[in-house]
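Asker:
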Amino acid sequence: MGDKMKKLRQIAPLLLISFILLFPVAVKAATLNSSYEFKGGLYSSKFYVKSGNRVQVKTVPSKWPKEKFRINIYLEKQGAFGRWYSVNDSWNYSYKTDSTTQMKTNSSGDHRIYLRSSSLPNSQTYKGSLFIFYNY
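Here it is in structure tokens:
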């Protein structure tokens, strides 16, 4: 019993420090969960992100074109007069069930994700679940 208590006393401060340092990060994280079904493109809800934080986008497809195109993903920021502009972009596979990408914000403010078909003409249907992870 004495050895176990000694080890616990050695580990306890490390656990406490880890909790104190990691807890604020965990509290300021959020997730938007949604589904998508589009032919041309689709916008997410807006969300607030601070400058320099990362936005992670995960797509879980249930229907995609037989040609297995990509889904282009744009991180957009709301600017003056409510106008949206792209600040970063990436892509996910339209046919892989765990396709995830990360993009970094360059300034604080309201952001949204724009999913767009990579094929032209945009007559093919993309359908699935969308998960947006971000720190604010």
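Residue numbers (UniProt numbering): 1 to 136. Beta carbons are placed, not taken as given, at the ideal position from N, Cα and C, and that holds for glycine.
Starting from the N-terminal side, write out each stretch of the beta strand (DSSP E) that is 3 residues or longer and does not extend beyond the segment 9 to 93.
Answerer: Correct list: 29 to 38, 41 to 43, 47 to 49, 54 to 63, 70 to 78 and 84 to 93.
Asker: Of the residues SER123, ASP89 and TYR85, which one's Cα is nearest the Cα of ASP110?
Answerer: Checking every option, the nearest Cα to that of ASP110 belongs to TYR85.
Asker: Using the C-alpha atoms, what's the distance from LYS7 back to GLN56?
Answerer: The alpha-carbon atoms of GLN56 and LYS7 are separated by roughly 38 Å.
Asker: Taking the C-alpha atoms as reference points, what is the distance between SER51 and SER123?
Answerer: Answer to the nearest angstrom: the Cα atoms are 36 Å apart.
Asker: In whole angstroms, what separates the C-alpha of LYS28 from that of VAL49?
Answerer: Answer to the nearest angstrom: the Cα atoms are 10 Å apart.
Asker: For ASP98, which residues in the same chain have their Cβ closer than 8 Å to its Cβ, ignoring the five residues on either side in sequence?
Answerer: Contacts found: LYS58 and VAL60.
Asker: Once you ignore the five residues that flank GLY79 on each side, which residues in its own chain have a CB closer than 6 Å to its CB?
Answerer: So the qualifying residues of the chain are TYR85.
Asker: From LYS68 to PRO13, what distance separates their C-alpha atoms?
Answerer: Cα-Cα distance, rounded: 51 Å.
Asker: Spell out the partners DSSP gives MET103 in its beta bridges.
Answerer: Paired residues: VAL55.
Asker: Indicate whether LEU115 and GLY41 have their beta-carbon atoms separated by less than 8 Å.
Answerer: It is a contact, given that the beta carbons lie within the stated cut-off.
Asker: What would DSSP say about ASP110, mapped onto helix, strand or coil?
Answerer: Note: ASP110 maps to strand in three-state DSSP.
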